[in-house]
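**Q**
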Amino acid sequence: MSANRTRRGGRRSDTTLATAKGLGWFSIGLGLVEVLAPHALARGLGLRGKEQLIASYGAREIATGIGILSSRDPTPWIWGRVAGDALDLGTLATGLDGHNRERGNVGIALAAVAGVTLLDVLCGRALSARRRGQRRLARRDYSDRRGMPKPPEQMRGAARDFEVPRDFRIPEPLRPWTSAA
Amino acid sequence: MRALVWHGKQDIRCDSVPDPKIEQPRDAIIRVTSCAICGSDLHLYDGFMPGMENGDIMGHETMGIVEEVGPECTNLRKGDRVVIPFTIICGECDQCKRGNFSVCERSNRNKSIADKAFGHTTAGLFGYTHLTGGYAGGQAEYLRVPFADKTHIKVPDNLTDEQVLFLSDIFPTGWQAAVQCDIQPTDTVAIWGCGPVGQMAIRSAILLGARQVIAIDRVPERLSMARAGGATTLNFEEESVVERLNELTHGKGPEKCIDAVGMEAHATATLDSLYDRAKQAVMLETDRPHVLREMMYVCRPAGVLSIPGVYGGLLDKVPFGMAMNKGLTFRMGQTHVNRWTDDLLRRIEQGQIDPSFVITHRIGLEQGPEMYKTFRDKQDSCIKVVIRP
């Protein structure tokens, strides 16, 4: 029995899952802001004309957040967040040109997104390691668990003495046609 | 006594609770020697079944020794060794007389709730929501058995607990799933889900003489256990279920299909499961019926769908038109345990089958809460957990 082994890894894995959940809620929160106030964000970052793009990023964030919170294994969704972070960083970087009077805000936003990206990557790596660990543990061989005294080929039909009760029989005319003999 | 107690979604604890007492003249109290965690307990653990209350004792696969009997429980004596079927039966109502024990008309003490929810009541069940009576379950040191004069299977001393424990649920459930198919020697039987019920259904289908049994899952250890039982296996993460089933049946589809998965089909394997999961998250649907949809699609026209997997409530986008036009027969329901157990006990005694093959973990009650998670997440090659209180 490996209950102790499972318990040891359990606490670390719980923290990782809690972090993932936190990121899920963060995703939904940020997504709502982007969907509901794209104009204000675009104004504050000097990214006028990109309101629709910001709103679509918001929808992406909400979908990812729901995915993280509703899935048993949030690993692919967290890596999806990392990909989204790359898009965010790329879009924010376009606001660093010399003509943007809100460059300062863009710099702060870039630093914040970079921080969250780091957290996403760390969480994604921990979740992936957890997944690999589970797969390594989950490799017992049950190929000898026959449950019958002889190989299945020899046991096939051993219970033909069982009479199917009348109320469990499929009427002859309703049986599927079969050509196998 | 100690028991595994439900406190909310994914919150099961090993608590100290009051010992059960004789409440009705037909009751018995048993000292639990072995019990098990069932796949359907996971629906309660994950909060998908309505009707659980904080403090409910879990468990419906239980056996033990009779400690005390009520005055009208005259066919049991202190010291008798019994397996307790998960369905509580009066043995006297019209349904019980017909052998339809899982829809006993008298054993559900919350009949009025069940009448409202289902139209008509079904049997009382141990440890399985207040919709089915709110009876304390058997993952505990002691269990009160209502209608104990009928709700028991006496087992001989020469068989071990592990050989007979699964007469309480998964063995007769897998057996009934196969019997519902009315298996013919020419049949291909496709079985979705290689958990404990799926494993029992595979062996039942082989024993009943199916020409070909195909088992579908994604967990390698479960697939290896299925192969050991005589099934051709199909990993749905590696190949198309529909294509492979058609290939193995010369394009005709399997005559008989068994759903041993139920309401919690793997949520990320297919688009329709993802859709179901999203609807579940916002409470617009209770179940994920991916397996049902797939069975309806791939089953041979005029074929049979047998459904031992538990469903809880409302299912969306079920292609019923497809099923109607193909003339499919649906057989489903909770298991009429006592209808099959005399015959199955004889088969165990004769050595035709030893259901203990499915056990992968043996624990004490204290490890129960943790083991629920391990079992749910299919970690550590977990297929079946037996608890010795």
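Those protein sequences? They're chains A and B, same order as listed. Counting in the numbering used here, the first sequence runs without a single skipped number right up to 191 at its last residue. Counting in the numbering used here, the second sequence runs without a single skipped number right up to 390 at its last residue. Heads up, the beta-carbon is just placed ideally off N, CA and C, and yes, glycines get one too.
(1) Should Trp35 of chain A be flagged as near chain B, meaning a C-beta pair shorter than 9 angstroms?
(2) Is Arg58 of chain A buried or exposed, if buried means 16 or more other CB atoms sit within 10 Å of its CB?
(3) In chain order, what are the residue ranges of uninterrupted alpha helix (DSSP H) at least 4 long that sit wholly in the segment 201-287 of chain B?
(4) When the cut-off is 9 angstroms and only beta carbons count, does Ala131 of chain A lie next to chain B?
(5) What did DSSP end up calling Gly52 of chain B once you bin it into helix, strand or coil?
(6) Over the uninterrupted beta strand (DSSP E) stretch that includes Trp193 of chain B, give me the two end residues.
(7) From the DSSP secondary-structure annotation, give me the bridge partner or partners of Tyr129 of chain B.
(8) Pull up the distance between the alpha-carbon of Pro157 of chain B and that of Ile66 of chain B, whole angstroms please.
(9) Would you report the Cα separation of Glu182 of chain A and Ser307 of chain B, rounded to the nearest angstrom?
(10) In the DSSP output, what is Pro62 of chain B paired with across the bridge?
(11) Tell me, to the nearest whole angstrom, how far the beta carbon of Arg145 of chain B is from that of Pro21 of chain B; I am working on the premise that it is less than 8 angstroms.
(12) Exposed or buried, what is Pro159 of chain A when buried is set at 16 or more other beta-carbons lying within 10 Å of its beta-carbon?
(13) Pick out whichever of B:Glu350, B:Ile217, B:Ala37, B:Lys79 has its Cα sitting closest to the Cα of Cys258 of chain B.
(14) For a contact defined as C-beta to C-beta under 8 angstroms, what are the partners of Thr188 of chain A on chain B?
(15) Do Ala179 of chain B and Ile190 of chain B count as a contact pair if the criterion is CB distance below 9 angstroms?
(16) Are the CB atoms of Met372 of chain B and Ile58 of chain B within a distance shorter than 9 angstroms?
(17) With DSSP run on the structure shown, which of helix, strand or coil describes His362 of chain B?
(18) Apply the 10 Å Cβ neighbour rule to Ser169 of chain B and answer buried if 16 or more other Cβ atoms are within range, or exposed otherwise.
(19) What residue range is occupied by the uninterrupted alpha helix (DSSP H) comprising Arg185 of chain A?
(20) Straight-line CA distance for Tyr129 of chain B to Gly94 of chain A?
(21) Listed in chain order, which residues of the segment 147-173 of chain A have Cβ atoms closer than 9 angstroms to some Cβ of chain B?
(22) Between which two residues does the alpha helix (DSSP H) carrying Ser113 of chain B extend?
(23) What are the residues in the segment 310-337 of chain B lying within 8 angstroms of chain A by C-beta distance?
(24) Compare the C-beta of Ala191 of chain A with all C-beta atoms of chain B and state if any pair is closer than 9 angstroms.
(25) Please report whether the beta-carbon of Arg82 of chain A lies at a distance below 9 angstroms from any beta-carbon of chain B.
(26) Have a look at His267 of chain B and Arg91 of chain A and give me their C-alpha separation to the nearest angstrom.
(27) For my contact list, Arg170 of chain A and Gly230 of chain B are in at a C-beta cut-off of 8 angstroms; report their separation, rounded to the angstrom.
(28) DSSP state of Ala149 of chain B, grouped into three classes?
(29) Establish whether the CB of Met226 of chain B and some CB of chain A are separated by less than 9 angstroms.
(30) Taking DSSP's pairing of strands, which residues face Asp141 of chain B in a bridge?
(31) Suppose you measure from the CA of Gly39 of chain A to the CA of Glu239 of chain B; what does that come to, to the nearest Å?
(32) What separation, rounded to the nearest whole angstrom, lies between the Cα atoms of Asp1 of chain B and Arg53 of chain A?
(33) Within the same chain, show all residues whose beta-carbon is closer than 6 angstroms to that of Arg446 of chain B, passing over the 5 residues directly before and after it, in chain order.
(34) The segment 62-80 of chain A: which residues have C-beta closer than 8 angstroms to a C-beta of chain B, in chain order?
**A** Let me spell this out:
(1) In the first sequence, the residue the question calls residue 35 of chain A occupies position 25. False, the Cβ-Cβ gap to chain B never drops below 9 angstroms.
(2) The residue given as residue 58 of chain A occupies position 48 in the first sequence. Result: exposed.
(3) 221-229, 242-249, 272-282
(4) One-based indexing of the first sequence puts residue 131 of chain A at position 121. Reading off the sequence shown, one finds Val at residue 131 of chain A, where the question assumed Ala. No, Val131 of chain A lies away from the interface with chain B (no Cβ there is under 9 angstroms from its Cβ).
(5) Against the second sequence, residue 52 of chain B aligns to sequence position 51. Residue state, collapsed to three classes: coil.
(6) Within the second sequence, the letter at position 192 stands for residue 193 of chain B. Trp193 of chain B: member of the beta strand (DSSP E) spanning 189-193, first to last residue.
(7) In the second sequence, the residue the question calls residue 129 of chain B occupies position 128. Assignment of beta-bridge partners to Tyr129 of chain B by DSSP yields no partner.
(8) Here residue 157 of chain B refers to the residue found at position 156 when the second sequence is read from its first residue. Here residue 66 of chain B refers to the residue found at position 65 when the second sequence is read from its first residue. Taking the straight line joining both Cα atoms gives about 12 angstroms.
(9) Position 172 of the first sequence, counting from 1, holds the residue named residue 182 of chain A. Position 306 of the second sequence, counting from 1, holds the residue named residue 307 of chain B. Rounded to whole angstroms, the gap between the alpha carbons of Glu182 of chain A and Ser307 of chain B is 17 angstroms.
(10) Against the second sequence, residue 62 of chain B aligns to sequence position 61. Rather than Pro, the amino acid found at residue 62 of chain B in this sequence is Glu. B:Ala37, per the DSSP bridge assignment.
(11) Position 144 of the second sequence holds residue 145 of chain B. Position 20 of the second sequence holds residue 21 of chain B. Between Pro21 of chain B and Arg145 of chain B the Cβ distance is about 4 angstroms, and since that is below 8 angstroms, they are a contact.
(12) The count along the first sequence starts at 1 and reaches residue 159 of chain A at position 149. That one is exposed.
(13) Here residue 258 of chain B refers to the residue found at position 257 when the second sequence is read from its first residue. Looking only at B:Glu350, B:Ile217, B:Ala37, B:Lys79, the smallest Cα-Cα distance to Cys258 of chain B is reached by B:Ile217.
(14) The residue labelled residue 188 of chain A in the question sits at position 178 within the first sequence. Per Cβ cutoff of 8 angstroms: Gln185, Thr187, Asp188, Lys253, Glu256, Arg301.
(15) For the purposes of this step, residue 190 of chain B is taken as the residue at position 189 of the second sequence. For the purposes of this step, residue 179 of chain B is taken as the residue at position 178 of the second sequence. Before going further, note that residue 190 of chain B is Val rather than Ile in the sequence given. Cβ distance < 9 angstroms, so Val190 of chain B and Ala179 of chain B count as in contact.
(16) In the second sequence, the residue the question calls residue 58 of chain B occupies position 57. In the second sequence, the residue the question calls residue 372 of chain B occupies position 371. Against a cut-off of 9 angstroms, the Cβ pair of Met372 of chain B and Ile58 of chain B comes out as no contact.
(17) As a first step, residue 362 of chain B is located in the second sequence; it is residue number 361 there, counting from the start. The answer is strand: DSSP assigns His362 of chain B an E or B state.
(18) Numbered from its first residue, the second sequence carries residue 169 of chain B at position 168. If you draw a 10 Å sphere on the C-beta of Ser169 of chain B, you find 16 or more other C-beta atoms in it, and that means buried.
(19) Counting from 1 along the first sequence, the entry for residue 185 of chain A is found at position 175. Counting along the chain, Arg185 of chain A sits inside no alpha helix (DSSP H), nor does DSSP assign it H or E at all.
(20) In the second sequence, the residue the question calls residue 129 of chain B occupies position 128. In the first sequence, the residue the question calls residue 94 of chain A occupies position 84. Taking the straight line from one Cα to the other gives about 43 angstroms.
(21) Result list: Leu147, Ala148, Arg149, Arg150, Asp151, Tyr152, Ser153, Asp154, Arg155, Arg156, Gly157, Met158, Pro159, Pro161, Pro162, Glu163, Met165, Arg166, Gly167, Ala168, Ala169, Arg170, Phe172.
(22) Sequence index remark: in the second sequence, residue 113 of chain B carries index 112 (1-based). From DSSP, the alpha helix (DSSP H) with Ser113 of chain B extends over 112-119.
(23) Gly328, Thr330, Arg332
(24) Residue 191 of chain A sits at position 181 when you count from the first residue of the first sequence. With a pLDDT of 43 at Ala191 of chain A, under the threshold of 50, the modelled position of that residue is not reliable, and the figure given next carries that caveat. Closer than 9 angstroms: yes.
(25) As a first step, residue 82 of chain A is located in the first sequence; it is residue number 72 there, counting from the start. Yes, Arg82 of chain A lies at the interface with chain B (some Cβ there is under 9 angstroms from its Cβ).
(26) Translated into positions along the second sequence, residue 267 of chain B becomes position 266. Translated into positions along the first sequence, residue 91 of chain A becomes position 81. Rounded to the nearest angstrom, the gap between the Cα atoms of His267 of chain B and Arg91 of chain A is 22 angstroms.
(27) As a first step, residue 170 of chain A must be located in the first sequence, where it is residue number 160. As a first step, residue 230 of chain B must be located in the second sequence, where it is residue number 229. The Cβ separation is near 18 angstroms, so there is no contact.
(28) If you number the second sequence from 1, residue 149 of chain B lands on position 148. Secondary structure of Ala149 of chain B (DSSP, three-state): coil.
(29) Taking the second sequence and counting its residues from 1, the one referred to as residue 226 of chain B is at position 225. Residue contact check for Met226 of chain B against chain A: a CB pair falls below 9 angstroms.
(30) Translated into positions along the second sequence, residue 141 of chain B becomes position 140. As written in the sequence, residue 141 of chain B is Ala, which differs from the Asp given in the question. Bridge partners of Ala141 of chain B: B:Ala4.
(31) Within the first sequence, numbered from 1, the residue matching residue 39 of chain A stands at position 29. Within the second sequence, numbered from 1, the residue matching residue 239 of chain B stands at position 238. Going from the Cα of Gly39 of chain A to the Cα of Glu239 of chain B covers about 36 angstroms.
(32) Coverage of chain B is limited to positions 2 through 390, which leaves residue 1 of chain B absent and any answer about it impossible.
(33) Since the first residue of chain B shown is 2 and the last is 390, residue 446 of chain B is not available in this structure.
(34) Ile76, Leu79, Ser80
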